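Notes follow the structure.
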Amino acid sequence: MKLTGVFVIETGVVNRGDGIGNIATVKKITTPEGLKVFFSPVSYKRALWSALQRNKGWSVPIVTREGGVVQRTGTIIDSEEFDFAGTMVAKPKYERYGTFLVDNGISINNYFGDMEFMTNMAIAKLYGEDEANIINKENFYGIYIMPFGIELDRVGIQEITTIDTKIKENDRLEGKIKKIYKALKLDEKINEEMVGKWAERVENIEYNLGTKATKIVLKQEERKRRLKELLEGMGELAKRIEGSERNLSPYFSAFSLDYIAPKYLLPMKDFLKKKVSEGGHIDFEKLSQELENFAQADEKTIKTADYMTYNQVIDELIKGIFKES
Numbered sequence: 002m003k004l005t006g007v008f009v010i011e012t013g014v015v016n017r018g019d020g021i022g023n024i025a026t027v028k029k030i031t032t033p034e035g036l037k038v039f040f041s042p043v044s045y046k047r048a049l050w051s052a053l054q055r056n057k058g059w060s061v062p063i064v065t066r067e068g069g070v071v072q073r074t075g076t077i078i079d080s081e082e083f084d085f086a087g088t089m090v091a092k093p094k095y096e097r098y099g100t101f102l103v104d105n106g107i108s109i110n111n112y113f114g115d116m117e118f119m120t121n122m123a124i125a126k127l128y129g130e131d132e133a134n135i136i137n138k139e140n141f142y143g144i145y146i147m148p149f150g151i152e153l154d155r156v157g158i159q160e161i162t163t164i165d166t167k168i169k170e171n172d173r174l175e176g177k178i179k180k181i182y183k184a185l186k187l188d189e190k191i192n193e194e195m196v197g198k199w200a201e202r203v204e205n206i207e208y209n210l211g212t213k214a215t216k217i218v219l220k221q222e223e224r225k226r227r228l229k230e231l232l233e234g235m236g237e238l239a240k241r242i243e244g245s246e247r248n249l250s251p252y253f254s255a256f257s258l259d260y261i262a263p264k265y266l267l268p269m270k271d272f273l274k275k276k277v278s279e280g281g282h283i284d285f286e287k288l289s290q291e292l293e294n295f296a297q298a299d300e301k302t303i304k305t306a307d308y309m310t311y312n313q314v315i316d317e318l319i320k321g322i323f324k325e326s
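Per this note's numbering, residue 2 is the first one in the sequence shown, and the count goes up by one each step.
Take a look at the structure:
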């Protein structure tokens, strides 16, 4: 099962480019429809993980240098972020492909070269100088559209096939966890208290004697908590940049458990482009109706939410995913 979604986000500059001279550039991409501003999946997810660590108590993942690259290691047992984000390097011993996939957030409206001229004159005067440093910043404010997907069947489930954990059938759960981290050469990073806490999250750990594969399955309650907190965190998110915060909370959201890919992004994009070009008010009730009609034609369903009903819709989704009454 897969949950797909599309967010409509109204905000300013989320990512900066490398810069040209004393000009701080925005990240831009050329499209057949003009020059668009975008923010990257890496930038979005880093803001999300940091917010979830601060606000929901998510653990900081174990990080080591593997294959010349610093990356997340460990397992889904110790880290919610590792569960959703996985590892960066192909086929390390910590191999895990991410379950949470995000595409670029790309603006609906075009970039037309807006600039902002700035100096540090006020600070320079405090230092007793009349000369100041000058910087020019490309500026932008607009409506972004960001698709994403979550592979629900893999959240809270991990198979370790690249290393033999040598688990025995009669090992206690805590013992199995220790053997996994020893096989991963991470046993020095854990202690008895951590293992005891982690064991409460785990439903079972299976070891296949023939293939030497280890399968970790977290409790449904833990899987539900992680997914709910991820979606709630996405609904109230900001990114710190240049001494301020950029709102990344969705103004409008669409979700589906029926679509393999967020195909419904296409009518959303067409609707928003038309409204932006006309300069009119974006009627999200009308957009919701158009999406409902679009899904009905495909014999599928889409749930929509505005910024007022977001958490309510997330609760409904979670109940549907975990078959709650």
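Beta carbons: idealized from backbone N, C-alpha and C, even for Gly.
All values reported here derive from a predicted model rather than from experimental measurement.
Cβ neighbours of residue i in the same chain (closer than 6 Å, five flanking residues each side left out)
i, result
"Glu-81", "Trp-59 and Arg-227"
"Phe-85", "Thr-100 and Phe-101"
"Ala-184", "Ile-164 and Thr-166"
"Glu-11", "Ile-144 and Tyr-252"
"Asn-205", "Val-218"
"Lys-229", "Ile-319"
"Asp-307", "Phe-253 and Phe-285"
"Ser-326", "Its pLDDT being 39, under 50, Ser-326 is placed unreliably in this model, and the value from its coordinates should be taken loosely. Closer than 6 Å at Cβ, skipping near neighbours: no residue."
"Tyr-142", "Gly-13"
"Gly-18", "Thr-26 and Lys-28"
"Glu-117", "Lys-138 and Asn-140"
"Glu-279", "none"
Proximity to residue i [Cα-Cα], best of the options
i, options, result
"Met-119", "Ile-136, Gln-159 and Arg-55", "Ile-136"
"Val-314", "Met-122, Ala-298 and Glu-233", "Glu-233"
"Ala-51", "Ile-303, Met-235 and Glu-279", "As written in the sequence, residue 51 is Ser, which differs from the Ala given in the question. Closest by alpha carbon: Met-235."
"Val-43", "Leu-102, Tyr-182, Gly-129 and Gly-280", "Leu-102"
"Thr-100", "Ile-191, Val-61, Lys-46 and Thr-31", "Lys-46"
"Val-7", "Asp-299, Leu-273 and Lys-177", "Leu-273"
"Leu-53", "Ala-239, Asp-172, Met-122 and Pro-148", "Ala-239"
"Tyr-112", "Lys-29, Gly-150 and Gln-221", "Lys-29"
"Thr-215", "Lys-198, Ile-161 and Lys-169", "Ile-161"
"Gly-197", "Leu-219, Lys-190 and Leu-174", "Leu-174"
"Asp-299", "Tyr-142, Arg-155, Pro-263 and Ile-319", "Pro-263"
"Gly-75", "Asn-23, Met-195 and Glu-132", "Met-195"
"Asp-104", "Leu-266, Lys-275 and Gly-280", "Leu-266"
"Arg-169", "Asn-294, Tyr-208 and Asn-56", "Note that residue 169 is Lys in the sequence shown, not Arg. Cα-wise, what sits closest to Lys-169 is Tyr-208."
"Lys-138", "Met-147, Leu-292 and Asn-23", "Asn-23"
"Glu-293", "Lys-276, Gly-281 and Ala-255", "Ala-255"
"Glu-237", "Ser-41, Leu-231, Ser-250 and Asp-172", "Ser-250"
"Thr-56", "Leu-231, Gly-69 and Ser-41", "One detail in the question is off: residue 56 reads as Asn in this sequence, not Thr. When each option's Cα is compared against that of Asn-56, the closest is Leu-231."
With 16 other Cβ atoms within 10 Å as the buried cut-off, status of residue i
i, result
"Arg-66", "exposed"
"Ala-48", "buried"
"Gly-114", "exposed"
"Leu-288", "buried"
"Val-27", "buried"
"Gly-321", "exposed"
"Thr-212", "exposed"
"Gly-129", "exposed"
"Ser-257", "buried"
"Ile-191", "buried"
"Gly-106", "buried"
"Asn-16", "buried"
"Arg-241", "exposed"
"Leu-210", "exposed"
"Gly-87", "buried"
"Lys-177", "buried"
Close-in-space but distant-in-sequence residues of the same chain around residue i (CB under 7 Å, 5 per side omitted)
i, result
"Asp-259", "Lys-301 and Thr-302"
"Glu-223", "Gly-157 and Arg-202"
"Asp-79", "Ser-60, Ile-63 and Trp-199"
"Phe-323", "Gln-221 and Lys-225"
"Ile-261", "Lys-3"
"Glu-152", "Lys-3 and Thr-100"
For residue j and residue i, believed in contact at Cβ under 8 Å, the rounded distance
i, j, result
"Lys-37", "Ser-108", "5 Å"
"Gly-150", "Thr-305", "With 8 Å as the limit, Gly-150 and Thr-305 do not qualify as a contact, their Cβ atoms being about 17 Å apart."
"Asn-110", "Val-14", "Actually they do not touch by this definition, with Cβ atoms about 13 Å apart."
"Ala-133", "Met-147", "At roughly 37 Å, the Cβ-Cβ gap does not stay under 8 Å, so Ala-133 and Met-147 are not in contact."
Residue i: CB within 7 Å of a non-hydrogen atom of the ligand MG
i, result
"Gly-75", "In terms of ligand content, the structure shown is empty, and the ligand MG therefore cannot be addressed."
Contacts around residue i, its chain only, beta-carbon distance under 8 Å, and the 5 residues preceding and following it disregarded
i, result
"Lys-77", "According to the sequence as given, residue 77 is Ile; it is not Lys. The answer, listed in chain order, is Phe-83, Asp-84, Arg-97, Gly-157, Ile-158, Gln-159, Ile-217 and Leu-219."
"Phe-295", "Tyr-265, Pro-268 and Ile-303"
"Phe-39", "Asn-16, Lys-28, Lys-29, Ile-30, Asn-105, Gly-106, Ile-107, Ser-108 and Tyr-145"
is_contact[residue i, chain D] using C-beta, thresh 8 Å
i, result
"Phe-83", "Although the question refers to chain D, the structure presented lacks it and comprises just one protein chain."
Subject >> Ordered list of alpha helix (DSSP H) runs contained in the region 166-198, each at least 4 residues >> reply: As for any alpha helix (DSSP H) of minimum length 4 sitting wholly inside the region 166-198, the runs are 174-184, ordered along the chain.
Subject >> alpha helix (DSSP H) runs wholly inside the region 227-308, at least 4 long, in chain order >> reply: For the region 227-308, whole alpha helix (DSSP H) runs of length 4 or above, ordered along the chain, are 266-279 and 285-298.
**OP:** Starting from the N-terminal side, write out each stretch of the alpha helix (DSSP H) that is 4 residues or longer and does not extend beyond the region 94-144.
**Re:** Taking only runs of at least 4 residues, the alpha helix (DSSP H) segments lying wholly in the region 94-144 are 122-127.
**OP:** Just list the alpha helix (DSSP H) runs in the region 10-88, keeping only unbroken ones of 4 residues or longer that don't cross its boundaries, in chain order.
**Re:** Listed in chain order, the complete alpha helix (DSSP H) runs (minimum 4 residues) inside the region 10-88 are 42-56 and 81-86.
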